[in-house]
Amino acid sequence: MALRTPLHARHVELGARMVDFGGWDMPLHYGSQLEEHHVVRRDAGVFDVSHMCPVDLRGPRVREYLRYLLANDVAKLVQPGKALYSCMLNERGGVVDDLIVYYLDEQWFRMVVNAGTAPKDLAWLRRHAAPFGVSVADRRDLAMLAVQGPNARTKALAVLAPAERDAALLLDAFYGRASAGLGGPGAAAGDWFVARTGYTGEDGFEIMLPAGEAAGALDALLAAGVKPAGLGARDTLRLEAGMNLYGSDMDEDVTPLESGLAWTVAMKEPREFVGRASLEAQKAAGVPRRQVGLLLEDKGVLRGHQRVVTPAGDGEITSGTYSPTLERSVALARIPPGTFERVQVDVRGKLLNARIVKPPFVRHGQPVIAL
């Protein structure tokens with residue numbers, strides 16, 4: 002039986018089409034995926050992301066532990082609430098998972114990992130925790146709501162306590178704020194955490210809150226004019242924003258250097274971290290593949306696993322979709338290195354022309370590539 006978030010019953014009441022996603026019964030859409038995409042680009046939508054897994058890491062050596070375990074360097078985190086995006090690598094340099102980690106205090110960091118990888122992530126974290134004396138706590142007692150869009154932060158104030166509203170609005174991008182009893186009127190004192198992060202390329206909050214308070218928070222958001230949105234819109238939004246999807250654009254056999262994530266690897270300092278030696282060897286030998294964005298110039302739709310024909314050899318689309326904002330088909334692809342600007346994509350046996358572009362495709366609701 003598929004796992005269910007604390008909001009499953011509300012999704013059904015709202016008319017969601019439910020689908021299996023990594024073992025979870027999740028809403029694909031509530032009637033129109035296209036409308037949900039546009040409402041996030043133009044106003045505000047809310048996603049139930051409670052299938053993702055918050056993990057609390059505690060101990061006097063937790064910073065040292067994370068500096069060893071993550072490819073990005075948590076030494077950058079010096080202000081409480083500051084967040085960092087990173088990959089967690091295996092010894093081969095492959096991506097165990099991509100994640101966000103928040104610095105709460107010198108003995109407490111919070112990490113949010115992907116739903117489908119959570120069991121192996123927890124095992125990996127615990128495997129390396131003992132030498133550092135770090136405790137690893139799965140926070141499945143928390144639900145998560147992502148409120149995204151140009152009006153998302155203002156409308157999200159409906160679920161925040163009056164004393165916390167101004168503080169939340171002042172949060173810089175990639176910062177979070179923890180508070181007990183941060184919920185609105187009638188909310189029980191609990192473990193609330195509001196972060197100015199997201200997976201859509203739009204502004205907004207990701208809110209972690211006690212599971213028992215999630216339905217009330219969702220209803221308050223809906224009453225404030227925020228529209229529910231499902232996994233379908235979340236995927237087209239993240240691809241327009243040029244954001245990777247674990248399992249499609251990278252996995253345990255693909256390094257950050259091959260998946261457009263070299264910017265998340267901190268190797269300037271002489272810091273030992275899992276996978277560093279493999280990344281250095283790959284870099285020295287020449288990275289055999291690179292990630293690029295593609296804009297289809299012919300009629301058709303780009304999809305994952307389609308063959309990409311280049312002057313340097315074949316590559317493959319890792320994520321592809323029709324972009325509702327651009328009204329064109331776009332993709333992320335992994336191809337051989339080279340200086341060419343155009344490629345062809347095998348779409349049902351027909352070679353269609355595509356132009357190489359630098360993601361993101363859309364930012365703040367507007368195209369950032371030439372059409």
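Positions 2 to 372 (my numbering) are the ones given, in order, by the sequence shown.
Cβ coordinates follow ideal geometry from the N, Cα and C atoms, glycine included.
Review point. So, using beta-carbon positions, are Gly276 and Gly205 closer together than 9 Å?
Key: Counting from 1 along the sequence shown, the entry for residue 276 is found at position 275. Counting from 1 along the sequence shown, the entry for residue 205 is found at position 204. Not closer than 9 Å, so no.
- Residue closest to Leu258, alpha-carbon to alpha-carbon, out of Pro312, Val56 and Gly94: Your numbering for residue 258 matches position 257 in the sequence shown. Here the closest residue by C-alpha is Gly94.
Could you check where the beta strand (DSSP E) with Asp21 kicks off and where it finishes?
-> Within the sequence shown, numbered from 1, the residue matching residue 21 stands at position 20. Counting along the chain, the beta strand (DSSP E) containing Asp21 begins and ends at Arg18 to Phe22.
| task | Check the C-beta distance from Gly243 over to Gly294 and give it rounded, since I have them as a contact under 8 Å. | result | Counting from 1 along the sequence shown, the entry for residue 243 is found at position 242. Counting from 1 along the sequence shown, the entry for residue 294 is found at position 293. Confirmed, about 6 Å.
Assigned secondary structure, Gly46 (DSSP; H/G/I helix, E/B strand, else coil)
Taking the first residue of the sequence shown as position 1, residue 46 is located at position 45. Gly46: strand per DSSP, three-state reduction.
- Query: Which term fits Glu14, buried or exposed, when burial requires 16 or more other beta carbons within 10 angstroms of its beta carbon?
  - Reply: Here the question's residue 14 lines up with position 13 in the sequence shown. When all chains shown are included, Glu14 counts as exposed.
Check whether the Cβ atoms of Gly202 and Pro361 lie closer than 9 Å to each other.
Position 201 of the sequence shown, counted from the start, is the residue given in the question as residue 202. Position 360 of the sequence shown, counted from the start, is the residue given in the question as residue 361. Yes, the Cβ-Cβ distance between Gly202 and Pro361 is below 9 Å.
Practice problem: Out of Ala174, Trp264 and Arg141, state which residue places its alpha-carbon closest to the alpha-carbon of Pro211. | Solution: To locate residue 211, count along the sequence shown from 1; it is residue 210. The shortest Cα separation from Pro211 among Ala174, Trp264 and Arg141 belongs to Arg141.
**Asked** Any heavy atom of the ligand FMN within a distance shorter than 8 Å of the CB on Pro211?
**Response** Among the components of this structure there are no ligands whatsoever, and the ligand FMN is therefore not found.
Thinking Val379 and Ala45 are a contact (beta carbons under 8 Å), I'd like their distance in whole angstroms, please. Past the boundaries of the shown model lies residue 379; the chain is included only from 2 to 372, so the question cannot be answered.
Between which two residues does the alpha helix (DSSP H) carrying Val96 extend? On the sequence shown, residue 96 is found 95 positions in, with the first residue counted as 1. Per DSSP, Val96 belongs to no alpha helix (DSSP H); it is in the beta strand (DSSP E), Val96 to Asp106.
Point to revise | Alpha carbon of Arg291 to alpha carbon of Ala225, nearest angstrom | key: The count along the sequence shown starts at 1 and reaches residue 291 at position 290. The count along the sequence shown starts at 1 and reaches residue 225 at position 224. The straight-line gap from Cα to Cα measures roughly 43 Å.
| said: The beta strand (DSSP E) that contains His30, what's its start and end? | reply: Taking the first residue of the sequence shown as 1, we reach residue 30 at position 29. Residues Trp25 to His30.
Three-way DSSP call (helix, strand, coil) for Arg120 in this model | Walking along the sequence shown from the start, residue 120 turns up at place 119. As written in the sequence, residue 120 is Pro, which differs from the Arg given in the question. Three-state DSSP puts Pro120 in a helix.
Residue from Asp299, Leu296, Tyr176 and Arg356 whose Cα sits closest to the Cα of Gln80:
By one-based count along the sequence shown, residue 80 stands at place 79. For Gln80, the nearest C-alpha among the options comes from Tyr176.
* To do: For the region 49–56 and the region 102–117, state whether three or more C-beta atom pairs, one from each stretch, are separated by less than 8 Å.
  => yes
- Query: Taking Cβ positions, are Gln1 and Pro61 nearer each other than 9 Å?
  - Reply: Nothing about residue 1 can be read from this structure; the chain reaches only from 2 to 372.
- [ ] Note down, in chain order, each residue of its chain lying with its Cβ closer than 6 Å to the Cβ of Ala189, except the 5 sequence neighbours on either side.
- [x] Numbered from its first residue, the sequence shown carries residue 189 at position 188. Note on Ala189: pLDDT 46, under 50, position unreliable in the model; the coordinate value appears next. Result list for Ala189: empty, nothing under 6 Å.
If Pro312 and Phe341 are in contact, beta carbons under 8 Å, what's the gap, nearest whole angstrom? Within the sequence shown, residue 312 is the residue found at index 311, counting from 1. Within the sequence shown, residue 341 is the residue found at index 340, counting from 1. Yes, they are in contact, since the Cβ atoms of Pro312 and Phe341 sit about 5 Å apart, within 8 Å.
> Can you tell me where the beta strand (DSSP E) with Ala355 in it begins and where it stops?
Replying inline: Sequence index remark: in the sequence shown, residue 355 carries index 354 (1-based). From DSSP, the beta strand (DSSP E) with Ala355 extends over Lys351 to Val358.
Can you tell which of Gly23, Arg42, His30 and Leu171 has the C-alpha that lies nearest to the C-alpha of Lys230? As a working note, residue 230 is residue 229 in the sequence shown. In the sequence on display, residue 230 carries Ala and not Lys. Measuring from the Cα of Ala230, the nearest candidate turns out to be His30.
TODO: Could you check the C-alpha separation between Leu296 and Ser33 for me, to the nearest Å?
DONE: As a working mapping, residue 296 is identified with position 295 in the sequence shown. As a working mapping, residue 33 is identified with position 32 in the sequence shown. Roughly 24 Å between the two C-alpha positions.
Review point. Between the C-alpha atoms of Val363 and Val331, what's the straight-line distance to the nearest angstrom?
Key: The residue given as residue 363 occupies position 362 in the sequence shown. The residue given as residue 331 occupies position 330 in the sequence shown. The alpha-carbon atoms of Val363 and Val331 are separated by roughly 11 Å.
- Could you check which residue in Leu8, Leu238, Lys300 and Ser136 has the C-alpha nearest to that of Ser324? Position 323 of the sequence shown, counted from the start, is the residue given in the question as residue 324. Closest by alpha carbon: Leu238.
Beta carbon of Val96, beta carbon of Asp236: below 9 Å? To locate residue 96, count along the sequence shown from 1; it is residue 95. To locate residue 236, count along the sequence shown from 1; it is residue 235. No.
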